[in-house]
Each structure stands twice: as C-alpha cells, then as structure tokens.
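Residue numbers (my numbering), protein chains in the order written: chain A, 292 to 398; chain B, -7 to 106.
A virtual CB, placed ideally from N, CA and C, is assigned to each residue, including glycine.
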C-alpha cells in the first residue's frame, strides 16, 4: 500500500521567514514524489517533482529515503506563497495525495 | 499553456439521478484520470484510462461509476445513481506520458447531491 502523510493541516509563517512543509511517505517500491499547489480559486498544479531536482518559485524538496520524507522548503516566504500544498506519491499507475497543508504567509 | 477543461463547474442533482461530468483533456495527451475531493478531505484517485480502457481504478470506483471517451476529445465520468456521499469536487487530469510525467488538472466540477 502507498500512503502519504502531511502532519500539518495549517501552517502560518511570517513573510521573509523560512518555510518547511513536511511530507512522509510509505511505499514498498522506488518512490516518485511530487508537490502540487492550489492557489485560491485556481486549479491544482504541479509545483515540483523529485526526479527533476529543480527549484520552482524558490521552493526545493529533497527525497530522503532513509527518513522516507520529501519535505518542501523555501528560505524566505513571500505573500504569494499562501496556498494549499499537497504532497503526492506516484505508484501503481496512480497518484496518492496527502491531506494537504494550508500555508498562510503573514505580512 | 494548454488547459484541461471541465464542464459544468457546478452540478446539483437529486439522489438516485444519473450525472455525467465532462472533461476535455489536452489534445496530444494519452493518459486520463479522474480524482475527487470531498470537502475537507484529501484528493482521492478514482480511475486512470489509457488506450480506450481503464488501466487502474480505486475501491471508490464501483459499479455505479463508468468512464468513456466517446470521441477524440471528450472524457466523461458517469455516476449511474448518485448518493449523498458522492457530493465532492471532481477533478479530471491528463498527461502526455506515464504518471511520472507532469499531470495537468482541470478546474473541477463541484457535484452536490441533495
């Protein structure tokens, strides 16, 4: 079975402060992990995936197989980062989503 | 950037009625999906579709659900006899290749079963 856990439902961070959104997973195979973001009144969209090892909008995420984690980080939060963030794991031809974390950036 | 489009954006129906949710995936994509999100809960996988057949489905996707690609552009989700617990936001998604490639989501159809 594949499972994704996002322990924080809500996270509030001051503008300019570092952000870390936690994600842990459970999967017996070799995981492929993603972060999706949903801004207010917009559709779900891909933020980044671990395969490409890229930084999007200042966000990075490193896959830690030892800790089975894929935390999302940004060194300096911006107001436009306020959104719902979903960690997702690809396995068996389907994406399994975490419950999501609502990130609010306080001006 | 091309988009996945879904219609209608809102659908209200009586319990026991049939509903069809429509999606137009991105034109050169080959893989199609339906997900749903009950209010306050996580996004859940329903079904994946490739080469005119279901490739994977979840336990949620029981006999009341069916999917179809009736022509070259539309991808529909039919719920035969709706139940109250079917009320949710339904998202269509498509990708050019296998699931480890970028998934493009539609803006969703909010289904309310009364």
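Straight-line spacing of the CA atoms in residue 12/B and residue 293/A works out to 30 Å. 14/B is the residue among 9/B, 8/B, -7/B, 14/B whose C-alpha sits nearest the C-alpha of residue 0/B. The beta carbon of residue 327/A sits closer than 7 Å to the beta carbons of 335, 336, 337, 338, 377, 379 from its chain, once the five residues preceding and following it are set aside; these are given in chain order. Proximity to residue 76/B across 17/B, 34/B, 104/B peaks at 104/B, based on C-alpha coordinates. A contact is defined here as three or more CB-CB pairs under 8 Å, and the region 389 to 396 of chain A fails this definition with respect to the region 345 to 357 of chain A.
In terms of Cβ geometry, residue 313/A and residue 370/A do not form a close pair [threshold 7 Å]. If you look at residue 2/B, you'll find it in the beta strand (DSSP E) that goes 2 to 5. The straight-line gap separating the alpha-carbon atoms of residue 367/A and residue 311/A is approximately 10 Å.
Excluding its 5 nearest sequence neighbours in each direction, residue 382/A has C-beta neighbours in its own chain below 8 Å: 293, 318, 320, 322, 323, listed in chain order. Assigned with DSSP and collapsed to three states, residue 338/A falls in strand. Taking a beta-carbon distance threshold of 7 Å, residue 350/A does not count as an interface residue toward chain B. For residue 80/B, the enclosing beta strand (DSSP E) has its first and last residue at 80 to 87.
Residues 25, 47, 48 of the same chain have their beta carbon placed closer than 6 Å to that of residue 40/B, with the five preceding and five following residues left out of the count. Pairing residue 35/B with residue 301/A, the inter-Cα distance amounts to about 17 Å. Judged by DSSP secondary structure, residue 397/A falls within the beta strand (DSSP E) whose first and last residues are 392 to 397. Within the same chain, 13, 26, 28, 69, 100, 101, 103 come within 7 Å of residue 82/B by CB-CB distance, once the 5 residues on both sides are set aside. Collapsing the DSSP output to three states places residue 95/B in coil. In the DSSP assignment, residue 329/A falls within the unbroken beta strand (DSSP E) covering 323 to 329.
Assignment of residue 370/A by DSSP, reduced to helix, strand and coil, places it in the helix class.
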